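I have placed the structure first, in the form of structure tokens, so that the comments after it can refer back to it.
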């Protein structure tokens, strides 16, 4: 079941009589309990899309259906109540400077009319879960960036939201803190059964935590689907940000030294990634397989491997037919 | 002479703090409205009207404003001289001033904090009371010092047209009777009052700025 359904969303910014189109015809569907990544380069409209999902940014047209309700057409009163079920973790955390860590975390509960004592108790428990027990009475300005982020996560989780939105959660963190926060996001996702949408420009974040990815380019969505599918396609297409460009340079010089060999790009995903697929497919065949470059990465939804091989020999065609059945996807380059 | 000085000082303090209090009570909500309306499409006309009135009131020199207000002052306080009449004039002059100061302070609230509050789903009332004012409180404290110090000056001006207080003392005894020591003492006391107000304001703001 999808918790969030976006259809034909268009957003533009108006300044005097000049309008800049920021998002155009965005369709998006987010499964309940999944982690979705919104990726793209800076200025692609990622943050605007995220802000539109809880209507901090009003769209020009299109619908945003959250948990069965079209939030673009409800009264501001209803929107206010709905927003309490969507937690937001802003890029620069936006904590209340005048409130202590404890009051920051408890604030969303107090706002929705909870009993003060109970709210503080739950805030304490939440702070404990996020390792903030020592800092309850500190003010945001006294916290490190990582601590501020955890307060912001605690504040977003305290109301038991169905959905949390994270804007560039790792952009200000060092690699160690990044790993920690990504683990935390995965834990929150499974423990609190909350759907997560992460805006990021770091494809590594997408690989490590996202089930699905929506990729934006100049305000349009150019890909939406499973994470491994995205990376399989960009590997085969030889995307700029991939290793494949470098691999190909190596490969071309290599194929020059062994004429007659065809170059094959292979993508493995899931179970077969760790199996001896090349051996299995080449059994009893007269082929020579030359491994040029390969790597295996641990994606959130399973191991993902890419491999560049040179193939020659009289049974090459049969070998490729067998191979095509075993791998996730492949492409014959030459 | 000392008893005269003490009486005048007390009168001045009475005028400064009472009109200061009233200006805050009137000006602060006006400032909050200005802040809220400036951002809303529905109330933008209302904002422009309020914005203009604040500017008009602020651009009239205080001494002229007192003269213009004479009929109203008489209606409201029953007299046009003495501390109470002055408090009325001072409040009329200082409320728009404080409204503008408040609006400016509220405008320093980062957009991100407003987003944060909105995403949490606060009502307008909760936003004003739990986010807007607490988050900008140090600025409001500094504004209050600024207001009160301005009122010290205004009160002295009002003294020239019969309000009483240190301003009137300085003019009547000092300027008209050439008792320059009275002018000197009055000025010293006025400076002291201003210094104390500023010092307290800065201290409190510093403590509140987290």
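Residue numbers (our numbering), protein chains in the order written: chain A, 3 to 336; chain B, 1271 to 1480. All residues carry an ideal CB built from backbone N, CA and C; glycine is no exception. From a predicted model like this one, the values you see are computed outputs, not experimental measurements.
- The Cβ neighbour count for residue 3 of chain A, taken over all protein chains shown within 10 Å, is under 16; the residue is labelled exposed.
- Identification of chain A residues near residue 1345 of chain B by a Cβ-Cβ cut-off of 7 Å yields none; the smallest Cβ-Cβ distance measures about 42 Å.
- By the beta-carbon neighbour count (other beta carbons within 10 angstroms, threshold 16), residue 199 of chain A is buried.
- Taking 7 Å as the Cβ-Cβ cut-off, the region 1367-1388 of chain B approaches chain A at 1382, 1383, 1385, 1386, 1388, given in chain order.
- Residue contact with chain B for residue 96 of chain A: present (Cβ-Cβ distance below 7 Å to some residue of chain B).
- Assignment of residue 188 of chain A by DSSP, reduced to helix, strand and coil, places it in the helix class.
- The alpha-carbon of residue 1418 of chain B is positioned some 51 Å away from that of residue 186 of chain A.
- In this structure, residue 1421 of chain B places its C-beta atom within 7 Å of the C-beta atom of residue 1360 of chain B.
- For residue 1301 of chain B and residue 1372 of chain B, the gap between their C-alpha atoms comes out near 5 Å.
- For residue 59 of chain A, the three-state secondary structure derived from DSSP is coil.
- For residue 1324 of chain B, the three-state secondary structure derived from DSSP is helix.
- Considering only B/1336, B/1315, B/1425, the residue with the shortest C-alpha distance to residue 1282 of chain B is B/1425.
- Per DSSP, reduced to three states, the secondary structure at residue 1373 of chain B is helical.
- In terms of Cβ geometry, residue 1375 of chain B and residue 1321 of chain B do not form a close pair [threshold 7 Å].
- Per DSSP, residue 1273 of chain B lies in no beta strand (DSSP E) segment; the continuous alpha helix (DSSP H) that holds it begins and ends at 1272-1308.
- Taking each of A/302, A/267, A/277 in turn and checking the Cα distance to residue 313 of chain A, the smallest one comes out for A/267.
- Distances from the CA of residue 90 of chain A to each of B/1386, B/1344, B/1380 were compared; the closest alpha carbon is that of B/1386.
- For residue 1404 of chain B, the closest Cβ of chain A is nearer than 7 Å.
- Residue 102 of chain A and residue 164 of chain A have their C-alpha atoms spaced approximately 26 Å apart.
- With respect to residue 230 of chain A, residue 271 of chain A sits close: the two C-beta atoms are nearer than 7 Å.
- Assignment of residue 10 of chain A by DSSP, reduced to helix, strand and coil, places it in the strand class.
- The DSSP-derived three-state label of residue 1378 of chain B is coil.
- Closer than 9 Å at the C-beta level to chain B, one finds these residues of the region 133-149 of chain A: 141, 142, 143, 144.
- Residue state for residue 1446 of chain B is assigned as coil, using DSSP reduced to three classes.
- As computed with DSSP, residue 225 of chain A is found in a beta bridge with A/217.
- For the pair residue 158 of chain A and residue 129 of chain A, the CB atoms are not nearer than the 7 Å cut-off.
- For residue 311 of chain A, no alpha helix (DSSP H) segment is defined; the enclosing uninterrupted segment is the beta strand (DSSP E) at 304-314.
- Counting the other CB atoms within 10 Å of its CB gives residue 22 of chain A a total below 16, which places it among the exposed residues.
- Exposed is the label assigned to residue 16 of chain A, since fewer than 16 other Cβ atoms lie within 10 Å of its Cβ.
- In the structure shown, the three-state DSSP call for residue 202 of chain A is strand.
- Judged by pairs of C-beta atoms under 8 Å, the region 52-71 of chain A does not touch the region 114-134 of chain A, as fewer than three such pairs exist.
- For the pair of segments examined, the region 1426-1441 of chain B was found not to touch the region 1398-1415 of chain B: the number of CB pairs separated by less than 8 Å stays below three.
- The CB of residue 1465 of chain B never comes closer than 7 Å to any CB in chain A; the least such distance is about 28 Å.
- A/233 is the residue among A/233, A/109, A/87 whose C-alpha sits nearest the C-alpha of residue 300 of chain A.
- With a cut-off of 8 Å on Cβ pairs, the region 94-113 of chain A is not in contact with the region 76-83 of chain A, counting fewer than three such pairs.
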